[in-house]
Amino acid sequence: MKKYLILMRPLWSEMVVSLTQGMTPGYAGKKRKTRSKGATILLYLFLVGTMGFYSSMIGFRLTKALASVGAEDMIIRLISMAAPVFAVVFGVLQAIPMLYHESSLESLLVLPVKPAAITAAKLTQAFAPILLITAIFCYPALIVHGVITSRPWSYYAQTVPFMLFVTVAPFAITAVFVLIMMRYTKLARNKDRFQLITSIVTVLLVVAFSLAANLQTSGSSEGGGIFADPATGVLLNRLVRFFPASAFSAAMLIRADTWNTVVYGLISLGINGLAVAILLFVADRIYIRGVLDLSGSKRAKPLTASETVKQLAPRSAYRALVSKEWKLLLRTPAFFVQTVFSALFMPLVMIVSFSVSFSRINGPSGIRFNPIAFLRLWIAAGAWWDSFWILVLAVGSFAVFMSGLTLVSASAISRQGAAFQYSKLIPVPLRTQVLAWLTPGMSLTVFIWIALTTSAAILLRMPFYLALIIFFIVTVNTYFIQLLGFWTDMKAPALHWSHEMEAVKNTRASLVSSLGNLVYIGLSVAIAFLARSLTGRDPVVTGFIVLAFYVISAALMSYLVRNTARRLFQTIEL
136 MKKYLILMRP LWSEMVVSLT QGMTPGYAGK KRKTRSKGAT ILLYLFLVGT
186 MGFYSSMIGF RLTKALASVG AEDMIIRLIS MAAPVFAVVF GVLQAIPMLY
236 HESSLESLLV LPVKPAAITA AKLTQAFAPI LLITAIFCYP ALIVHGVITS
286 RPWSYYAQTV PFMLFVTVAP FAITAVFVLI MMRYTKLARN KDRFQLITSI
336 VTVLLVVAFS LAANLQTSGS SEGGGIFADP ATGVLLNRLV RFFPASAFSA
386 AMLIRADTWN TVVYGLISLG INGLAVAILL FVADRIYIRG VLDLSGSKRA
436 KPLTASETVK QLAPRSAYRA LVSKEWKLLL RTPAFFVQTV FSALFMPLVM
486 IVSFSVSFSR INGPSGIRFN PIAFLRLWIA AGAWWDSFWI LVLAVGSFAV
536 FMSGLTLVSA SAISRQGAAF QYSKLIPVPL RTQVLAWLTP GMSLTVFIWI
586 ALTTSAAILL RMPFYLALII FFIVTVNTYF IQLLGFWTDM KAPALHWSHE
636 MEAVKNTRAS LVSSLGNLVY IGLSVAIAFL ARSLTGRDPV VTGFIVLAFY
686 VISAALMSYL VRNTARRLFQ TIEL
């Protein structure tokens, strides 16, 4: 135990430093400014206070709303279901880098310490941030709920073990799964590839869970089970199947004013203890071996004579730069997930969500409403001309919102990092380089909109000219947002970063690309209503005025990008 506590001191400091670096945005200066300890503490207090405030407000609103219908216990059940989901999702993302990809592992393995102590220390280091994040999101809501509903003192005393019970067991099972994969699968041998696939799978699991929750019918009932009491309800019976520790922990808080809370607490404690025992048993046998077997990137495969001649064949500078950009995007996990994968995946998620919502719409007297048939009739009858300005606004706003989520062009300069010096030195015109940097983002978004427009045209049986108008609207707005993010990245690039994620997320361009679209949408709506009042409420003329605003904005942004690109190499110091 003493050696375990000694090991935890440097591991805890390492965890805090890594979190601090992850919150530090890059910038284009020559040196990195080191943040003082006081500023770091203030930053953490601000983040914790902000998330705690939102958690308290959610707890307050939900408790008031549920108490009005006599279902105030539902918030405890919701937290007991959300907390293990957080533990599973963050557990996958946290366990892999902490347990296998940290540089401190090599120094720990040579210490005169038993492997069990190293294993326990690393598992604790991986679990601590998960418990902290889950507690920040959930614990203030529990306290506010207890104050509003006048819970007994035993309720507040049991909230601390409750947060442990709902996170320890899910993390332990997730960690066992990670340990087995990292030890016995070949896929785990490559660090970058494994992080890439893990990130994609995690996003898919989150979306699948959200869709499954939306598809649940509210009128279903499920009687019996070990929680047949109305005070606990059907949800706890379902939780027993997937998160048994959370089910008994929720029952412990709900029944905090009776002696039954002791029974539920002991059962939850036993389940968590069993999960931890399984984790330690598995980790003691395969964790160190998995670390020793883990290898980094494989050596590059030597090229044959014909492949060498092919690689050295002359080609245009533009094609070479575009090829380099695509390789950087596809082979770097953080870049791929935050740019290419999100750009392809988010439209699919939104389409599925809208489809689910539309399929559940009921008309008057409970009659099932078919929005697809309605839209087909609306288009075939030519009634869309009477709402042309609304069509232009809706399609343009949707294109702006989706383009703001695509950070391919908004991180084109920052992604290069310190390698940007080669862009300043190679004998290629700046105009050619700018065009090559913009090509991946533009081509990807145009491909997405071609697929979406074609699918919508076939599904809704649009006339060819209507599909062409829609494609023109989305292309112009996509072009504007991509140039806006690229222009911001040229003005304030983040060339000095320690992790790839900083070049994609922690930049001014990502903020402008994600939030600046709201300003653009607001301006287009304001211009639409102004034009509508000046043209006598003519929908067609108003629509074309809004369309002209889109085109002028895109042309103005092209002018700004061209002028900023001329000064790019002179203003940035390496």
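Here the numbering used here is used: position 173 in the sequence shown is 308, and no number is missing along the way.
Even glycine gets a Cβ: it sits at the ideal position worked out from N, Cα and C.
When the Cα atoms are used, Glu442 and Val475 turn out to be separated by approximately 28 Å. By the criterion of at least three beta-carbon pairs nearer than 8 Å, the region 611-631 is not in contact with the region 589-597. Of the candidates Ala571, Ile211 and Val295, Ala571 places its Cα closest to the Cα of Ala452.
With a 10 Å radius around the Cβ and a threshold of 16 neighbouring Cβ atoms, Ala518 comes out exposed. For Ser558, the three-state secondary structure derived from DSSP is helix. Nearest in C-alpha terms to Ser544, of all of Ala410, Pro287 and Val647, is Val647. Nearest in C-alpha terms to Val336, of all of Leu409, Arg424, Met537 and Phe225, is Phe225. Cβ-Cβ distances below 6 Å link Val457 to Ala571 and Thr574 in the same chain, with the five nearest sequence neighbours on each side left out; the list follows chain order.
For Leu601, the closest alpha carbon among the candidates His634, Arg511 and Leu228 is that of Arg511.
A Cβ-Cβ contact shorter than 9 Å links Ala469 with His634. Around the Cβ of Asn698, a 10 Å sphere holds fewer than 16 other Cβ atoms; the residue is exposed.
The Cβ atoms of Ala276 and Ser403 lie no closer than 9 Å to each other. Between Leu579 and Ala478, the gap from beta carbon to beta carbon is short of 9 Å. Following the DSSP letters along the chain, one finds Gly205 in no alpha helix (DSSP H), marked with neither H nor E. Minimum Cα-Cα distance from Gly425 among the listed residues Ile680, Gly671 and Leu234 corresponds to Leu234. Residue state for Leu246 is assigned as coil, using DSSP reduced to three classes. Here the alpha carbon of Leu542 sits roughly 14 Å from the alpha carbon of Ala534.
Assigned with DSSP and collapsed to three states, Asp673 falls in coil, not helix or strand. Just so you know, the alpha carbons of Ala516 and Phe509 end up roughly 11 Å apart. With a threshold of 16 other beta carbon atoms within 10 Å, Phe523 meets it and is buried.
The beta carbons of Val675 and Trp513 sit about 16 Å from each other, so the pair does not count as a contact at 8 Å.
When C-beta atoms of the region 267-274 are compared with those of the region 378-392, fewer than three pairs fall below 8 Å, so the two segments do not count as touching. In the pairwise beta carbon analysis, the region 198-207 is classified as touching the region 279-287: at least three pairs are separated by under 8 Å. For Tyr399, the closest alpha carbon among the candidates Ala386, Asp392 and Asn407 is that of Ala386.
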